[in-house]
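Residue numbers (our numbering): 32 to 419.
Virtual Cβ for every residue (Gly too), placed ideally from N, Cα, C.
Treat the numbers as computed from the prediction; the structure is a model and nothing was measured.
Remarks on the structure that follows.
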Amino acid sequence: MDVLKKSWQKVKTNHGAPGIDGKSTKDIEEEGVDDFLKRTQEELRGKEYRPSPAKRVYIPKPDGRRRPLSIPTVKDRVVQMALKLVIEPIFEADFEDNSYGYRPKRSAQQAALEIRKYLNYGLTNVVDADLEDCFGSIPHRELLDMIARRIVDGKVLHLIKLFLKAGVMEEGQVRVDERGTPQGGVISPLLANIYLDRIDKGWKSINKSTRLIRYADDLVILTRYRADKTFSKLQQLTTKLKLRLNQEKTRIVDAEKESFDFLGYSFKKALNRGKTKMVTYFWPSQKAEKSIRGKIRKITNPARPIKVEEVIKELDPVIRGWVNYFRIANSSKKFGKIRLYGANKVRKFMVRRKNKSGYGYKEYPDEYLYRGLGLYRDYRLSWTKVLR
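Set out below in structure tokens:
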């Protein structure tokens with residue numbers, strides 16, 4: 032019961048949407064959390080528990096396409112979380128250090144700093160790779176075989192199999208596949224990492240002179256020599272694992288001649304200010320800048336029937352999160368642009384709400400925006416080490 036209680040707290044904190052039963056965490060609180068957890072425990076002990084199909088929804092992507100997302104019921108999320116708490120430490124002990132996505136005490140910032148380090152070491156020929164529909168392509172049988180090598184508890188293995196076979200419901204129809212760990216499930220990232228660890232270990236065994244950095248289904252390989260051979264080896268490895276490289280997004284780059292994007296950062300080697308040596312620079316990518324501008328524009332839309340104080344309250348955590356993520360990079364110029372853009376959008380909001388014209392520089396100077404309204408203003412860079 033202790034594991035289920037801990038799992039409930041984590042699920043509740045995440046504020047997820049309801050699954051196909053329409054029940055939210057708030058609904059369960061009103062009905063009684065203790066009774067809910069007791070019933071769930073009894074179902075698990077009596078081997079009566081059966082996960083419901085996940086609800087399929089689609090999230091718009093910047094390129095106009097839609098990303099499928101699967102939303103389990105709250106009960107299924109609690110059981111998945113309990114399962115994750117039990118098995119994650121077992122697999123964590125064996126995961127490779129080059130994997131950074133969805134792992135405890137690991138982050139995208141650490142992955143970015145590793146890339147900078149190896150570019151500085153001279154590994155400037157890069158395979159910038161993307162696994163096509165990775166979460167939806169992982170074969171169930173091979174995944175379950177991998178898990179069974181480390182987990183001997185039959186009940187745990189049975190639960191994992193139930194989740195993989197639960198399927199998704201879309202437009203009233205349930206679909207069950209032989210492949211995939213649907214994005215949106217609590218345990219899906221861990222299951223994906225368990226399978227993709229085969230890439231990490233496989234690459235380590237066949238190519239020790241290169242460095243592979245992976246964050247979930249995004250990865251880069253850095254090498255000192257010809258990247259076309261590296262690309263061919265990666266294709267062979269992914270094919271062996273029944274995965275596919277996204278040919279549109281995967282490319283070979285010479286980082287001394289052009290930049291490449293990874294995890295929201297752009298990377299490139301160039302001469303330092305003194306023009307004495309080549310160093311690695313990394314900064315918020317064009318896509319990342321476009322994304323934050325879009326969010327600022329949406330929040331500060333003058334047509335919204337809210338007060339400027341509410342706009343600031345909504346805007347600040349969005350800007351803060353973006354800035355904190357990119358503090359470790361060479362972000363001064365980008366930060367300056369976003370700071371100016373955010374301030375001007377807030378000014379425009381106030382001017383339009385008063386049915387006036389102009390930009391509002393005299394009426395609403397920086398002093399008023401930052402001190403009077405409390406608009407976020409900490410755009411300092413951080414050169415401190417990102418700890419694990």
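Cβ-Cβ distance between residue i and residue j below 8 Å
i	j	result
Arg87	Glu201	yes
Glu123	Arg134	yes
Leu190	Leu276	no
Thr254	Asp159	no
Ile118	Val187	yes
Leu404	Glu320	no
Met112	Val199	no
Thr56	Val110	no
Lys387	Thr331	no
Gln140	Tyr356	yes
Phe182	Ile237	Phe is not the amino acid found at residue 182; the sequence shown has Ile there. Contact: no.
Lys326	Val349	yes
Val382	Gly373	no
Val377	Val284	no
Ala85	Pro99	no
Asn129	Asp58	no
Tyr401	Arg408	yes
Phe262	Pro213	no
Ile252	Ala142	no
Glu145	His171	no
Ser363	Pro93	no
Ile343	Leu406	yes
Tyr131	Arg242	no
Leu75	Lys36	no
Contact belief for residue i with residue j at Cβ below 8 Å, rounded distance in angstroms
i	j	result
Arg358	Ser413	4 Å
Tyr256	Ala360	With a Cβ gap of about 27 Å, Tyr256 and Ala360 do not count as contacting.
Leu116	Ser38	6 Å
Ala286	Lys299	6 Å
Leu315	Lys365	Note that residue 315 corresponds to Pro in the displayed sequence, not to Leu. The pair is a contact, with the Cβ atoms about 5 Å apart (cut-off 8 Å).
Gly233	Leu268	5 Å
Ser101	Gly216	6 Å
Arg81	Leu193	7 Å
Asp228	Phe126	6 Å
Gly50	Val105	7 Å
Lys196	Val205	Between Val205 and Lys196 the Cβ distance is about 11 Å, and since that is not below 8 Å, they are no contact.
Residue(s) in a DSSP beta bridge with residue i
i	result
Arg242	Leu253
Ile283	Val158
Ile90	Arg98
Pro315	Tyr296
Leu276	Leu162
Leu302	Met309
Pro333	Pro333 is not bridged to any residue.
Phe67	In DSSP, Phe67 forms no bridge with anything.
Ala85	Val199
Phe291	Phe298
Pro170	Arg210
Give the list of continuous alpha helix (DSSP H) stretches no shorter than 4 residues that lie fully inside the segment 108 to 164. 139 to 151
In chain order, what are the residue ranges of uninterrupted beta strand (DSSP E) at least 3 long that sit wholly in the segment 355 to 414? none
For the structure I just gave you, are there three or more beta carbon pairs, one from the segment 219 to 234 and one from the segment 247 to 261, closer than 8 Å? The segment 219 to 234 is in contact with the segment 247 to 261.
Whole runs of the beta strand (DSSP E) within the segment 190 to 235, excluding any shorter than 3 residues: 199 to 201, 204 to 206
So, do the segment 171 to 187 and the segment 307 to 316 have three or more beta carbon pairs nearer to each other than 8 Å? As far as the Cβ criterion goes, the segment 171 to 187 does not touch the segment 307 to 316, which means the pair count is below three.
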